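Asker: Protein chains in written order, with the working numbering: chain A, 1 to 432; chain B, 1001 to 1432. Every residue gets a Cβ at the ideal spot worked out from N, C-alpha and C, and that includes glycine. Only a predicted model underlies this, so the values are computations on that prediction, with no experimental measurement involved.
Right under this line is the structure:
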């Protein structure tokens, strides 16, 4: 049973309270992560081997798998599974390939020419979780845009499995991405290895990927310890479903449970104009929950979840925009009219036949998305995340004559004489 | 005299050492900033007034200026100065207006429709420094893209001047940007106010703007304390000039000094294929330095600067890409051929007549740029910085039938049964 609130009976403070999540700063894990980071910084590969032995219960001689080993593992999965991964790869590729466009060159004044050019981030590090669930889909979601961006070096880290390898699904995705090596290290130590570099693991410029609290803490720490940047702060996954009387309660329940099975700290929120629908959803939740292998996790997540009754779809959007969900599903015949009203969300699923899980795998959109309200200011991962846009400008003598006095006046009013001189010294030559 | 190194005599370690800058983690200021932040969080406006009195030597009754006060201040500057600010505004507007484009909708499979839509970040906070130098240009560089993006609420903070107001240049820029209020608070307390909100200062979703070490530290702290994000980590400003025998040593000296006058911690690097040029630049530096009002600062910055002699422009680019400068000036007749080789930089100034100071003010490009090597993974501020791109997807029944089994297989291989169910439950209805 979802806890249920009446939107029009909530005060602003109560709404603020409801939309708050994951404010625990995790200080209890900070010490552990700091120790892991300094150990990796100091002992490099040796530290990574010790951590593999402690956390992954495997003694590694070599910290990576090479092309031959990857190939063999990739061949171990069924053709049907390979085919599914290929289709996901193709759809993700198709959608992301259109994200970078050449921009126009602008002449802001005669002879003052300005433009932006896109350059790949040279070395990127992708962290692929491999603990309670191994997520080959995440490798595609990060690797495909990295390839499209043209990143020179794609470093992939994932914790070794019990046999000291990675599973065949990960291996097959590496093959699709033409990545010829994978580093067998997980958790905070993988993040530290990519941030500082070790004898085996190359140092990168930016680190991507979801992970548990240790990985997340490590990403946030290395961001302030080094000049390595990160994709975004990550938190537990979440979904918000907006539904009216046209929605199917069984579909809603299935979508809420798909979210809930991620982990006990996941959150699933239902916002509905229809009170009967909510009780039907509760019934369907109870039915569907029974047969789930991860029912215990999902049950815990549901305790952390809730429903809100609203009097209109406008108010549903209002609440959703305040919540800023990672995933927003709109199960209403009115979905078309509602698109413009979606202001804060990571990825949006429209209509009755668009479950969130299609976006997790294969519709083509990215599944690495801002959680915990970060959708107010962050976008999900895209090709943009793997490039920089560098501005260029070039002035002809006409250009400098056109703009020169403006720059001189502005430099002077800011009290920056040398800024003015850099223009004046050139202008005086032109005017000679 | 710039310290001078021979590129081909440097080891990889020595190059790494040379390109390193600003690694001081500033722990000595962390305590102060943490105290400021918690005081603002607890005491709100009262804390801001106390800090204004302590740091800005002014007792404020009201923490903002309203439209009438801004109008009066804006009218106090000369028409020539107003005109220069207008031209800067127009050029910045022209260049930034082209940065957002509608993207194509993609059908990744028949009936699987995916697209991205741009949404402004609703509430943005702009920090405009006002200590040793007041920088109206920064207000334009942040305010113009915020306006183009369509941000609903633009909150501007700047420290009060001795008269309890802001200067007329800032006021005129507010008028150009149609921002009707400015909050009189500076330093770490301004950042904290925008991150938590006070009775006077609204809470925002993202904070932009350069500042001293206290501002920078506050930005990095609130990023982990709240869900407010920031534009980028900021550090002292820097320039790298690539020059060959076609360059004018006086122009180079002027550009290096324009950088150096920002502050003692600024860095100016000259990379040249020509040793004679370097000694001529040293001579010009000595000459031009004498007449500068901020000569003492600039002199200190030059002690922190250096020249590198390279044997080719290719190697000059190699060094520059390793350094990843905030500003790159290429003073060579060969500039056109070199554009494609620029891989890491914030903003690039091409040819002999394009001093960096034109980009600071009026060419149209943004001057809020990644420093300290962050240009390896960050872009400068643009309209992109003020928006999110939200992905949308919608499946028709054909779409779900096309993609359904792929999602089922992938969910199953990741062990996520509820993800599979969300598809299966819909597919079985379709197939009935």
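#1: Which partner residues does residue 1126 of chain B have in the DSSP bridge list?
#2: How many angstroms separate the CA atom of residue 1168 of chain B from the CA atom of residue 1075 of chain B?
#3: Can you look up residue 1181 of chain B in the DSSP assignment and give me helix, strand or coil?
#4: Ordered along the chain, which non-local residues of its own chain (more than five positions away) have a Cβ less than 6 Å from that of residue 1285 of chain B?
#5: Would you mind sorting residue 1001 of chain B into buried or exposed? The rule is 16 or more other CB atoms within 10 Å of its CB.
#6: Just to confirm my understanding: we take residue 1435 of chain B, look at its own chain, exclude 5 residues before and 5 after, and list those with CB closer than 7 Å. What are they?
#7: Can you tell me the Cβ-Cβ gap for residue 1268 of chain B and residue 1301 of chain B, rounded? I've got them flagged as a contact below 8 Å.
#8: Please report how far the alpha carbon of residue 30 of chain A lies from the alpha carbon of residue 1094 of chain B, in whole angstroms.
#9: Measuring CB to CB, does residue 1365 of chain B end up less than 8 Å from residue 1385 of chain B?
#10: For my contact list, residue 1308 of chain B and residue 1007 of chain B are in at a C-beta cut-off of 8 Å; report their separation, rounded to the angstrom.
#11: Report yes or no: do three or more beta-carbon pairs, one from the region 1398 to 1406 of chain B and one from the region 354 to 370 of chain A, lie closer than 8 Å?
#12: In chain B, which residues lie with their C-beta within 7 Å of the C-beta of residue 95 of chain A?
#13: Pick out the complete alpha helix (DSSP H) segments inside the region 263 to 308 of chain A, 4 residues or longer, and give them in chain order.
#14: At the 8 Å Cβ level, is residue 318 of chain A part of the contact set with chain B, yes or no?
#15: Quick one: what does DSSP say residue 329 of chain A is sitting in, helix, strand or coil?
#16: Determine the direct distance from the alpha carbon of residue 1399 of chain B to that of residue 1393 of chain B, and round the result to whole angstroms.
#17: For a contact defined as C-beta to C-beta under 9 Å, what are the partners of residue 381 of chain A on chain B?
#18: Which residue from B:1303, B:1323, B:1324, B:1261 puts its Cα closest to that of residue 1293 of chain B?
#19: Strictly below 8 Å CB to CB, what residues from chain B border residue 121 of chain A?
#20: Roughly how many whole angstroms lie between the Cα atoms of residue 412 of chain A and residue 1329 of chain B?
#21: If you compare alpha carbons, which of A:37, A:108, A:97 is closest to residue 1090 of chain B?
#22: Which two residues bound the contiguous alpha helix (DSSP H) that contains residue 249 of chain A?
#23: Taking C-alpha atoms, which residue in A:97, A:322, A:218 lies nearest to residue 39 of chain A?
#24: With distances taken between CB atoms, is the gap from residue 387 of chain A to residue 141 of chain A smaller than 8 Å?
#25: Taking buried to mean at least 16 other C-beta atoms within 10 Å of its own C-beta, is residue 72 of chain A buried or exposed?
#26: Closest by CA to residue 1139 of chain B, which one among B:1104, B:1175, B:1162, B:1120?
#27: Can you tell me the Cβ-Cβ gap for residue 1226 of chain B and residue 1332 of chain B, rounded? I've got them flagged as a contact below 8 Å.
#28: In this structure, what does DSSP give as the bridge partners for residue 395 of chain A?
#29: Just to confirm the assignment, what range does the alpha helix (DSSP H) spanning residue 1191 of chain B have?
#30: Using a Cβ-Cβ cut-off of 8 Å (strictly less than) and excluding sequence neighbours within five positions of residue 311 of chain A, which residues of its own chain qualify?
#31: Among the residues of its own chain, which have a CB less than 6 Å from the CB of residue 1051 of chain B, if the five just before and after it don't count?
#32: Would you mind working out which of B:1034, B:1228, B:1111, B:1429 sits nearest residue 350 of chain A, comparing C-alpha positions?
#33: When we look at the beta-carbon of residue 1447 of chain B and count the other beta-carbons within 10 Å, is it buried (16 or more) or exposed?
#34: Assign residue 1039 of chain B to one of three DSSP states: helix, strand, or coil.
#35: Leaving aside the five residues before and after residue 149 of chain A along the sequence, list all residues of the same chain whose C-beta is less than 6 Å from its C-beta, in chain order.
#36: By alpha-carbon positions, which one of B:1355, B:1220, B:1271, B:1196 ends up nearest to residue 1321 of chain B?
Answerer: Taking the definition as stated:
#1: Residue 1126 of chain B sits at position 126 when you count from the first residue of the second chain. According to DSSP, residue 1126 of chain B bridges with B:1156, B:1208.
#2: The sequence position of residue 1168 of chain B within the second chain is 168, counting from 1. The sequence position of residue 1075 of chain B within the second chain is 75, counting from 1. Cα-Cα distance, rounded: 7 Å.
#3: Residue 1181 of chain B sits at position 181 when you count from the first residue of the second chain. Residue 1181 of chain B falls in the coil class under three-state DSSP.
#4: Walking along the second chain from the start, residue 1285 of chain B turns up at place 285. Within the same chain, residue 1285 of chain B has close Cβ partners 1253.
#5: Translated into positions along the second chain, residue 1001 of chain B becomes position 1. Counting Cβ neighbours within 10 Å, residue 1001 of chain B comes out exposed, since fewer than 16 surround it.
#6: Because chain B here runs from 1001 to 1432, residue 1435 of chain B falls outside it and cannot be looked at.
#7: Here residue 1268 of chain B is taken as the residue at index 268 of the second chain, counted from 1. Here residue 1301 of chain B is taken as the residue at index 301 of the second chain, counted from 1. Rounded, the Cβ-Cβ distance is 7 Å, consistent with contact.
#8: Reading the first chain from its first residue, position 30 is the one you call residue 30 of chain A. Reading the second chain from its first residue, position 94 is the one you call residue 1094 of chain B. Whole-angstrom Cα-Cα distance: 46 Å.
#9: Position 365 of the second chain, counted from the first residue, corresponds to residue 1365 of chain B. Position 385 of the second chain, counted from the first residue, corresponds to residue 1385 of chain B. No, the Cβ-Cβ distance between residue 1365 of chain B and residue 1385 of chain B is not below 8 Å.
#10: As a first step, residue 1308 of chain B is located in the second chain; it is residue number 308 there, counting from the start. As a first step, residue 1007 of chain B is located in the second chain; it is residue number 7 there, counting from the start. Sure, about 5 Å apart at Cβ, within 8 Å.
#11: yes
#12: Taking the first chain and counting its residues from 1, one reaches residue 95 of chain A at position 95. Within chain B, the residues near residue 95 of chain A are 1106, 1108, 1114.
#13: 275 to 289, 295 to 303
#14: Sequence index remark: in the first chain, residue 318 of chain A carries index 318 (1-based). So no, residue 318 of chain A is outside the interface.
#15: Numbered from 1 along the first chain, position 329 holds the residue referred to as residue 329 of chain A. Strand at residue 329 of chain A.
#16: Residue numbering aside, residue 1393 of chain B sits at position 393 when the second chain is read from its first letter. Residue numbering aside, residue 1399 of chain B sits at position 399 when the second chain is read from its first letter. In a straight line, the C-alpha of residue 1393 of chain B is about 11 Å away from that of residue 1399 of chain B.
#17: Residue mapping note: residue 381 of chain A aligns to position 381 of the first chain, counting from 1. Those within 9 Å of residue 381 of chain A in chain B number zero; the least Cβ separation is about 10 Å.
#18: Counted from its first residue, the second chain places residue 1293 of chain B at position 293. It is B:1261.
#19: Here residue 121 of chain A refers to the residue found at position 121 when the first chain is read from its first residue. The answer, in chain order, is 1376, 1377.
#20: Numbered from 1 along the first chain, position 412 holds the residue referred to as residue 412 of chain A. Numbered from 1 along the second chain, position 329 holds the residue referred to as residue 1329 of chain B. When rounded, the distance between both Cα atoms is 22 Å.
#21: The count along the second chain starts at 1 and reaches residue 1090 of chain B at position 90. That would be A:108, whose Cα lies nearest to the Cα of residue 1090 of chain B.
#22: Taking the first chain and counting its residues from 1, the one referred to as residue 249 of chain A is at position 249. Per DSSP, residue 249 of chain A belongs to the alpha helix (DSSP H) from 249 to 260.
#23: Position 39 of the first chain holds residue 39 of chain A. Ranking A:97, A:322, A:218 by Cα distance to residue 39 of chain A puts A:218 first.
#24: Here residue 387 of chain A refers to the residue found at position 387 when the first chain is read from its first residue. Here residue 141 of chain A refers to the residue found at position 141 when the first chain is read from its first residue. No.
#25: As a working mapping, residue 72 of chain A is identified with position 72 in the first chain. Flag for residue 72 of chain A reads exposed.
#26: Numbered from its first residue, the second chain carries residue 1139 of chain B at position 139. Nearest of B:1104, B:1175, B:1162, B:1120 to residue 1139 of chain B, Cα basis: B:1175.
#27: Here residue 1226 of chain B corresponds to residue number 226 of the second chain, with the count starting at 1. Here residue 1332 of chain B corresponds to residue number 332 of the second chain, with the count starting at 1. Not quite, the Cβ-Cβ distance comes to about 46 Å (not below 8 Å), so this is no contact.
#28: Taking the first residue of the first chain as position 1, residue 395 of chain A is located at position 395. A:112, per the DSSP bridge assignment.
#29: Position 191 of the second chain, counted from the start, is the residue given in the question as residue 1191 of chain B. Per DSSP, residue 1191 of chain B belongs to the alpha helix (DSSP H) from 1187 to 1196.
#30: Along the first chain, read from residue 1 onward, the residue named residue 311 of chain A stands at position 311. The answer, listed in chain order, is 7, 8, 273.
#31: Position 51 of the second chain, counted from the first residue, corresponds to residue 1051 of chain B. Same-chain partners within the cutoff: 1189.
#32: In the first chain, the residue the question calls residue 350 of chain A occupies position 350. Per the Cα distances, B:1111.
#33: In this structure chain B extends from 1001 to 1432, so residue 1447 of chain B is not present and cannot be described.
#34: Taking the second chain and counting its residues from 1, the one referred to as residue 1039 of chain B is at position 39. Reduced to three states, the DSSP call for residue 1039 of chain B is helix.
#35: In the first chain, counting from the first residue as 1, residue 149 of chain A sits at position 149. 120, 383, 386, 387, listed in sequence order.
#36: Reading the second chain from its first residue, position 321 is the one you call residue 1321 of chain B. Nearest option by C-alpha distance: B:1271.
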